[in-house]
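*Asks:*
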Amino acid sequence: MAFFKIPNLVIILLTTVIFTIFAFTADRFLTLANIENILTGYSFLAIIAIGQSLTIMARGIDLSVGSTVALAAMVLFDATMIFELPGVFAILIALVAATAAGALNGLLIVYLRLQPFVATLATLAAYRGIVYAISGRQLYPELPTKAVTDPWIRWLGDFFDVERALGLGDFISLPWIPISFFILLIYAIAIGLLLGRTRWGLNLRTYGGSPEAAHLAGLKVNRLVISVYALCGFSAGLAGIILVGRFTTATEALGSGMELTAITAAVIGGTRLQGGIGGVTGPVLGAFLLGIILIGLTLLEISQFYQQILTGGILIAAIGYDRLIEKRKAV
Amino acid sequence: MVDALAALNISKSFDGFIALNNLDFTLQSGEVRALVGSNGAGKTTLIKILTGAHAPSTGTISINGKQLPGGDPAAHISGGISCIYQHTSLAPNLTVAENLFLGNHPTNRFGLLDKKEMKRRAQQLIKDNETDVSPNDLVADLPTVKQKEVEILKALAANSSVILMDEPTAWLSFPEVQRLHDTIRRLKKTGVTIVYISHMMDEIFRVCDNATVLRDGKLVWQGSVAETDRSSMVQHMLGDGGQDTSNERNERRNEVEKGQKTLRVSNLSRENLFSEANFSLYQGEILCITGLIGSKRSELLQCLFGVAQPDKGQIFLHGIPQKIDTPRLAIQLGIGLVPEDRRMQGLFLSHSIEENHVAASLGDFVNRGLFNRKRVRTRAQDTIRQLNIKPDDVKKTVGNLSGGNQQKVLLGKWLETAPDILILDEPTVGVDVGAKNDIYQVLQAFKEEGGAVLIVSSDVEEVQNIADRVLVMANGKLSASFDAQALSHEELVAKISGESVNEA
Amino acid sequence: MSDTNITKSSRRALLKSTALGVGAITTGAFSATFSKTARAASADGEKMGVAFIQYVAHTVPAAWSKGIEEVLGSQPNIEYQLLDGQAKAEVQVSLMDTLINKGTRVIFLQPVDSVALAPSIARAKREGIAVITLNIDATEPHAAHIEMSHYYGAKDIAKVMGEKMGGKGKVAILNAPPGIIIRDQREQGFIDGLKEYHPDIEIVANQVADWSRKKAQDVFTTIMASNPDVTGVYGINDSMALGAVDVAKQKGTLDKMTIFGNDGEKDALASIEAGELTGTQYTDVYQQGRYAASVATVLVTGAVSARDFEKQGHLLMPYIIVTADNVSSITPEQRW
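Protein chains in written order, with my numbering: chain A, 1 to 331; chain B, 1001 to 1504; chain C, 2001 to 2336.
#1: Hey, quick one: how far does the alpha helix (DSSP H) through B/Lys-1436 stretch, first residue to last?
#2: With a threshold of 8 Å between beta carbons, is C/Leu-2324 in contact with chain A?
#3: May I have the straight-line CA-CA distance separating B/Ala-1474 from B/Phe-1482, to the nearest angstrom?
#4: Assign B/Phe-1446 to buried or exposed, taking buried as 16 or more other Cβ atoms, counted over all protein chains shown, within 10 Å of its Cβ.
#5: What does the Cβ neighbour count give for A/Trp-155, buried or exposed, with the cut at 16 atoms within 10 Å?
#6: Give me the chain B residues within the contact set of A/Gly-279, using Cβ-Cβ distance strictly less than 8 Å, ordered along the chain.
#7: With DSSP as the reference, label A/Tyr-127 as helix, strand or coil.
#8: Roughly how many whole angstroms lie between the Cα atoms of B/Gln-1243 and A/Leu-54?
#9: Would you mind sorting B/Arg-1373 into buried or exposed? The rule is 16 or more other CB atoms within 10 Å of its CB.
#10: Would A/Leu-289 and A/Ile-268 qualify as a contact pair, given that the criterion is a beta-carbon distance under 8 Å?
#11: Would the beta-carbon of A/Gly-276 fall within 8 Å of that of A/Gly-209?
#12: Is it right to say C/Pro-2111 is buried, meaning 16 or more other beta carbons lie within 10 angstroms of its own, or is it exposed?
#13: Assign B/Val-1002 to one of two classes, buried (16 or more other C-beta atoms within 10 Å of its C-beta) or exposed (fewer than that).
#14: How long is the line joining the alpha carbons of C/Lys-2170 and C/Asp-2229, rounded to whole angstroms?
#15: At which residues does the beta strand (DSSP E) containing B/Pro-1321 begin and terminate?
#16: Short of 6 Å in beta carbon distance, which residues of its chain neighbour C/Val-2247, apart from the five on each side in sequence? Order them along the chain.
#17: Go ahead and label C/His-2058 buried or exposed: buried means 16 or more other beta carbons lie within 10 angstroms of its beta carbon, across all protein chains shown.
#18: Residues in the same chain with beta-carbon distance under 6 Å from B/Ile-1436, minus the five sequence neighbours each way, listed in chain order, please.
#19: Relative to chain A, which residues along the segment 1433-1458 of chain B have a C-beta separation below 8 Å, given in chain order?
#20: Strictly below 7 Å CB to CB, what residues from chain C border A/Gln-304?
#21: Throw me the rounded Cβ distance for the C/Gly-2252 and C/Ala-2244 pair, which I believe falls under 8 Å.
#22: Can you say whether B/Asn-1159 is buried or exposed, counting buried as having 16 or more other CB atoms within 10 angstroms of its CB?
#23: Roughly how many whole angstroms lie between the Cα atoms of A/Ile-183 and B/Ala-1140?
#24: Does A/Arg-246 pass the burial test, meaning 16 or more other C-beta atoms within 10 Å, or should it be called exposed?
#25: Determine the DSSP secondary structure at A/Ala-26, reduced to helix, strand or coil.
#26: Taking B/Gln-1381 as part of the alpha helix (DSSP H), name the residues at either end of that continuous run.
#27: Any contact of the segment 1089-1096 of chain B with the segment 202-216 of chain A, i.e. 3+ C-beta pairs under 8 Å?
#28: Could you pull the start and end residues of the beta strand (DSSP E) that C/His-2314 belongs to?
#29: Could you list which residues in chain C have their beta carbon closer than 9 Å to that of A/Gly-41, in chain order?
#30: To the nearest angstrom, how far is it from the Cα of C/Glu-2276 to the Cα of C/Ser-2212?
#31: The alpha helix (DSSP H) that contains B/Val-1454, what's its start and end?
#32: Mind listing which residues of the segment 2099-2114 of chain C have their C-beta closer than 9 Å to chain A's C-betas, in chain order?
#33: Name, going along the chain, the residues of the segment 1278-1309 of chain B whose beta-carbon falls closer than 7 Å to a beta-carbon of chain A.
#34: Tell me which residues of the segment 2136-2163 of chain C have at least one Cβ-Cβ distance to chain A shorter than 8 Å, keeping chain order.
#35: Can A/Gly-102 and A/Tyr-229 be called in contact, C-beta distance under 8 Å?
#36: For C/Ala-2116, go through chain A and note every residue whose CB falls closer than 8 Å to its CB, in chain order.
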């Protein structure tokens, strides 16, 4: 039993094993460029997965994260391209919009007593509709082909040259670390503290473990649930602005289908679908594990259709494993 | 002297249904008060109002003269009322220490949780109350008994002066009950006021000072338990129509002749759980397996129903050896199991009575691929009448029924499969006296029609009431069977506690 | 716009005679501008990677890929791979990153978004990888862009359609949703064409039908209800035009109608042969793939580094306006 108690041990082992396998089998897998690709391609997903894991811990789910990513991206695009606001303000407005979208999910769940699945399925469609409606690319004919130039926003998609910063450029080569990875690190530490060291985090774990216990202990459950969804929206917003930095534009279809990938990452990372158990490290590792697998398979030239089947298979395996542990405990 | 708890003129109605009618409920400091009543008497509503889960329609609640707002759980807890519920209200994924201070965790000057202080206070509380747990234990890993003790510690951690205990012994074995009662007596000395809600008459007479009896949302009797007796208490609870039928049944018991052997278990073992279990079950008898909680009786039943597999040994049905590897097969072979945790394992709580009723026998209601709803309804209505289920509406959601009625629905579901053998695991835990009698009557009728009944029960009184033969299980070993009636209450308790089982 | 001269002169050329080599020759026109600093030629026997990232699985990219494979399959040192962008910019960007890391020599790209893929294209260029876009251009200059002739094709459709209608009448446009350059080019070409050749023809309706035959049926039914005197329809793609055919057939007004589609897919050609659809703009999409592949062949074997591109090559595909008169000239092998 002790084996299962070390947090994230399984996912750490799994990631290491799979990484090693690809390092030996896939040509050009173990290159600096590939490490950069994995970090760039999956840091934003890890951020969404952290947010998603919070809602799952609260016995819910947020299917609207993909649309919220696009919403934040489009608000940012409009703010900088149409209203020509300075990047910092544009970023702030985009994050506020995403947080509000998340909070609205929470309000629907708490006050209309909708199932999280139903409420966020509805807002998944609604937020996507808003994205099309406010898209500056459709309102102004010259904008679809114009790139965002604001240095603040472009910085989000940039890289940090570790070697040069450390003055080691002459001795070793290190991958250039994307700014998005640093954002992920800071965000993960912040949420980790929030979960582990504050009343809010403990209240969330209580609610997830037993909503009845939380209610009976007099916790302000409604406020808690709304804050969880707001934070999930904020995470999606963070991912959205990073993607604008990287793509130098916001597409209307941005993030569609991302909810499934984020849920998969959260669940592989040990977030229990029955609620109450989860953290930050797990979803982050889960997201990168997915990235390692998908990029590794592409390098091995394995068809993407199989990759999609495999992603589904991994999700099922992760849930199955979760159930297995649960069963062992019950005996 | 100011009342420790004064709930005055309390009324509560839901959609026109009056659950509580102008009730006065006052307690003195250090008093242990029993709150009794059958299903729908209003106990649950009163508890919910006292804890702040519901706001009363009229009336006021005060603790030591200080009035509480009503309908605000947090204010009631900080005001000094805590409740220990029948079903655990701890978060299983958290540690003992984290649970003890739910909603009121110590923080340091940065607003972050002070885990050290939390553990220190938890350790202190555990020590003061001589509880055998560690602050770092995960609640999910603790046995039910210890979870109850943690809940009491939690109430003390919140500085409660009034503690409500709703069926606190429902999942406890006899020595554990005694231990709990010792705790109650100690709390009483420190001036804590306790409301003891229970269906177990002997416990009430053992530990409570006074009793309040509710019926139909009204107070029908209140007074010192020393001035009344068991049967008049039951009389109060059930009203004019009620009577304690246990003696009557005792007389009937021996009239039924032993029928044919239907189930035989030979050398059944499962590693680390139980070993070498041997017994037979006959048609037309009720066989009880009793023992302490944790004596692995439920695990034995799981093997009989195909939920788990034995490592060794055989199960014979009507003399034929059977390998029962799925519950589905068990049902096909004519076995029904009413499990221990009915909320988790037995019922679809969000579904109606009729849907639950046919859940184990769906095939019987399908004709040429079509589901015969009308027949489902009539069958469910029959059962409601037969088992006296309240409310008598097949469309009611099971999750909203009282414990006793849920148990009846579950029993009805298995009777619908027309089994040869009915296995029940703790069938009357959390069930009030009235419903208990209804359940006993149905089991009696089933047995008289030639059915075989196997019951696991920790309730000594129950075992003596209904069993034709008794087996005692201790540490995974079964004793030989004996006639429960031949033993006195004390002798049976002694056997259960393991004093004379060694010879078996 | 200097490339348009080439296209204008060649567009009447019979497609049948457009040999494989033509693509390579055309390519030569701009490959001459490449600088001489060439990428080191790869070691003997080493395979050179070429990949195509499609927008999403669909008949057009499938036909391109078939054309590409036909050409590249004859070159043993080239390894070709088709990748699916799943209609998502983030997927395409990630695939670009992976291909760049792999050292792929040439990437064909049908970008989901002209701007979002631009940084990836810039990166590919820095690594000396040539990017050839198909149909949808990117804002970052790259090796070559090969597209169907949307604007001029639509203008020619307007001309032929007006002739069939006798130079007068009312027409409706079944349009794609806004935000896609192809839509704007075709729409503008059609409007300009009517203005130039048939100023008496009036456009009375211009409605969005989402590229879809089913949607077009509903949209055209409402158009007919409010404008019963419409005699001409232009569908921005064939599916929408065929939707209008369905409605006209059902109302029994098909013989009075002139309906044109665009693209020239198999179903549209069959419908023209059946005497239902009046005509469409046909582009040999297989040929477009072959063109792209021959450009790639030059880039791979010519050992030219993408870093040295100063000017982007731009190819407009030749096309014909197909009606019942000339539909038989398109052989079964050219139908997609």
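Even for Gly, the Cβ is constructed at its ideal location relative to N, Cα and C.
From a predicted model like this one, the values you see are computed outputs, not experimental measurements.
*Replies:* In terms of the structure at hand:
#1: 1433-1448
#2: Per the sequence presented here, residue 2324 of chain C reads as Ala, with Leu not at that position. Residue contact check for C/Ala-2324 against chain A: no CB pair falls below 8 Å.
#3: 15 Å
#4: buried
#5: exposed
#6: The contacting residues do not exist; A/Gly-279 stays about 12 Å from chain B at best.
#7: helix
#8: Low per-residue confidence applies at B/Gln-1243: pLDDT is 46, beneath 50, and the placement is therefore not dependable enough to give any value.
#9: Its Cβ having fewer than 16 others within 10 Å, B/Arg-1373 is exposed.
#10: yes
#11: yes
#12: buried
#13: exposed
#14: A straight line joining the alpha-carbon of C/Lys-2170 with that of C/Asp-2229 spans about 7 Å.
#15: 1320-1322
#16: Gln-2217, Phe-2220, Thr-2221
#17: So C/His-2058 ends up on the exposed side.
#18: Note that residue 1436 of chain B is Lys in the sequence shown, not Ile. Hits under 6 Å: Thr-1428.
#19: none
#20: Leu-2083, Asp-2084
#21: That belief does not hold up - the Cβ atoms of C/Gly-2252 and C/Ala-2244 are roughly 14 Å apart, past 8 Å.
#22: exposed
#23: 36 Å
#24: buried
#25: coil
#26: In this chain, the alpha helix (DSSP H) harbouring B/Gln-1381 covers 1373-1387.
#27: The answer is yes - the segment 202-216 of chain A touches the segment 1089-1096 of chain B, with three or more Cβ pairs under 8 Å.
#28: 2313-2316
#29: Glu-2090, Val-2093, Ser-2094, Asp-2097, Thr-2098
#30: 18 Å
#31: Rather than Val, the amino acid found at residue 1454 of chain B in this sequence is Leu. Where B/Leu-1454 is concerned, there is no enclosing alpha helix (DSSP H), although the beta strand (DSSP E) it sits in stretches over 1452-1456.
#32: Leu-2099, Ile-2100, Asn-2101, Lys-2102, Gly-2103, Val-2112, Asp-2113, Ser-2114
#33: none
#34: Thr-2139
#35: yes
#36: Neighbours of C/Ala-2116 on chain A, chain order: Phe-247, Thr-248, Thr-249, Thr-251.
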